[in-house]
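K.L.:
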Amino acid sequence: MSNTIKFFFSFIFLCGIFSNSAVSGSEGDRLYASGKYFEASIEYEWMIFKAENQADLYYYKYRKALCYKQLRDFGRALDELQPMYFASANDSLFQRVCYEQSQCFYLNGEPSKALWKIDEYFHRSADSITHKVFMPVRLLCLNETFQWEEAKKCFRRFVQMQSFSTEKEAEMQLMVDNLYEKRNLPHIRSIKKAENWSRFIPGSGQIYAGKAGEGIVNFLLNSSILAFSAQQAFNGFYITGYLAGLGFFNKTYQGGIKRAGILASQKNKEIIVNFNSGINAMIRSDFLN
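Take 2 as the starting number for the sequence shown in our numbering and just add one per residue.
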């Protein structure tokens, strides 16, 4: 997730509509502007305590959440943002809060919840200008959840929202179509398949997940344990063979199955980070020039 966070923050340039550079002049804002996010969060907590109306309360909670996001404590940032309810979708703070929630959900490893928040905002707000700001986050989340067709539609829509010439837009749309062709999509490992491979042949699931060395070691370990158990039984030491052999084998066998699923999941995350990094570079190169 650290790699995801590293390249994701380069998307901040796309969020000019929700820029936080304009501050109200409070001590908390001054601390935030100077990069003292922890101290700023404490100051905002005091201002939350003193807030005399809901508008001020929500604003200070929003600012406090920004501090936690900068500190990469996305769970606590969400704790500040989640309780807020806005009756009107036209409230500018509602737009900012929804955007920060979608960011923090994604960075907290919850892309499905980020998509839910973005879709909720799209449903409640007809402001297509602000929709544009959400599109890169939505695109990343769709890729991370392997929704390739929806991701392609999202990217094409994002291209249409730009002020490109007719020729440039056609070029970008073609680039997006090529990116999401089946032959260019990431090869995602099936967690279930990795577990099943290890269930039938110990170690093969790890090999399928891209860890050949670990898979070979797991296979040899399980084979040696079975050989030891068989030898003990052949020599008449049935209890020793069962307890020391099959008992230990059961642990390494079941552990290998679980490990194969974990490795497949980790491999998928690495693949998606690399895929999204390429999209990030494309946007920085073609959408900012």
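Glycine residues also receive a C-beta, built at the ideal position from the N, C-alpha and C atoms.
(1) Give the straight-line distance between the Cα atoms of GLU150 and PHE229, rounded to the nearest whole angstrom.
(2) May I have a chain-ordered list of the alpha helix (DSSP H) segments no shorter than 4 residues that lie completely inside the segment 161 to 225?
(3) Taking just the CA atoms, how far does ILE130 sit from ASN91?
(4) Using the three-state DSSP reduction, which class does LEU72 fall into: helix, strand or coil?
(5) Taking TYR122 as the reference, which of ASN109, ARG157, TYR209 and PHE95 has the closest Cα?
(6) Have a look at GLY344 and TYR63 and give me their C-alpha separation to the nearest angstrom.
(7) Using the rule of at least 16 other Cβ atoms within 10 Å of the residue's Cβ for burial, across every protein chain shown, is PHE147 buried or exposed?
(8) Out of curiosity, what's the CA-to-CA distance linking VAL24 and MET85?
(9) Helix, strand or coil for LYS118, going by three-state DSSP, please let me know.
(10) Where does ILE189 land, buried or exposed, given buried means 16+ other C-beta within 10 angstroms?
(11) Using CA coordinates, which residue listed in SER164, PHE135, ARG184 and TYR100 is at the minimum distance from VAL66?
(12) Is the Cβ-Cβ distance between TYR309 and TYR59 less than 8 angstroms?
(13) By Cβ distance, which residues of its chain are closer than 8 angstroms to ASN197, with the 5 residues on each side in sequence left out?
(14) Within this structure, are the beta carbons of ASN219 and GLY279 separated by less than 8 angstroms?
(15) Kindly examine the ligand MG and report whether one of its heavy atoms sits closer than 7 angstroms to the Cβ of ALA261.
(16) By a C-beta neighbour count over all protein chains shown, 10 Å radius and 16 as the cutoff for buried, is ILE300 buried or exposed?
(17) Give the DSSP-derived three-state secondary structure of VAL24 in the structure shown.
P.N.:
According to the structure data:
(1) In the sequence shown, the residue the question calls residue 150 occupies position 149. In the sequence shown, the residue the question calls residue 229 occupies position 228. Distance between the alpha carbons of GLU150 and PHE229 is about 52 angstroms.
(2) 167 to 180, 192 to 201 and 205 to 209
(3) Within the sequence shown, numbered from 1, the residue matching residue 91 stands at position 90. Within the sequence shown, numbered from 1, the residue matching residue 130 stands at position 129. Going by the C-alpha atoms only, they are around 12 angstroms apart.
(4) Within the sequence shown, residue 72 is the residue found at index 71, counting from 1. Correct three-state label for LEU72: coil.
(5) Reading the sequence shown from its first residue, position 121 is the one you call residue 122. Ranking the options by Cα distance to TYR122, first place goes to PHE95.
(6) Only positions 2 to 290 of the chain appear in this structure, which leaves residue 344 out of reach.
(7) As a first step, residue 147 is located in the sequence shown; it is residue number 146 there, counting from the start. Exposed, since its Cβ has fewer than 16 Cβ neighbours within 10 Å.
(8) As a working note, residue 24 is residue 23 in the sequence shown. As a working note, residue 85 is residue 84 in the sequence shown. For VAL24, the predicted model reports a pLDDT of 46, less than 50, meaning its position is unreliable and no value from the coordinates is stated.
(9) Taking the sequence shown and counting its residues from 1, one reaches residue 118 at position 117. Of the three classes helix, strand and coil, the one that applies to LYS118 here is helix, per DSSP.
(10) On the sequence shown, position 188 is the one that residue 189 refers to. ILE189 is exposed by the Cβ-count criterion.
(11) Translated into positions along the sequence shown, residue 66 becomes position 65. Per the sequence presented here, residue 66 reads as Ala, with Val not at that position. Of the listed residues, the one whose Cα sits closest to ALA66 is TYR100.
(12) Examination of residue 309 is not possible in this model, given that the chain is present from 2 through 290 alone.
(13) Position 196 of the sequence shown, counted from the first residue, corresponds to residue 197. GLY206, listed in sequence order.
(14) Translated into positions along the sequence shown, residue 219 becomes position 218. Translated into positions along the sequence shown, residue 279 becomes position 278. Cβ distance not < 8 angstroms, so ASN219 and GLY279 don't count as in contact.
(15) Although the ligand MG was asked about, the structure shown includes no ligands whatsoever.
(16) In this structure the chain extends from 2 to 290, so residue 300 is not present and cannot be described.
(17) Locating residue 24 in the sequence shown gives position 23, counting from the first residue. Caution is warranted here: a pLDDT of 46 is assigned to VAL24, below 50, making its placement in the model unreliable, and no coordinate value can be reported.
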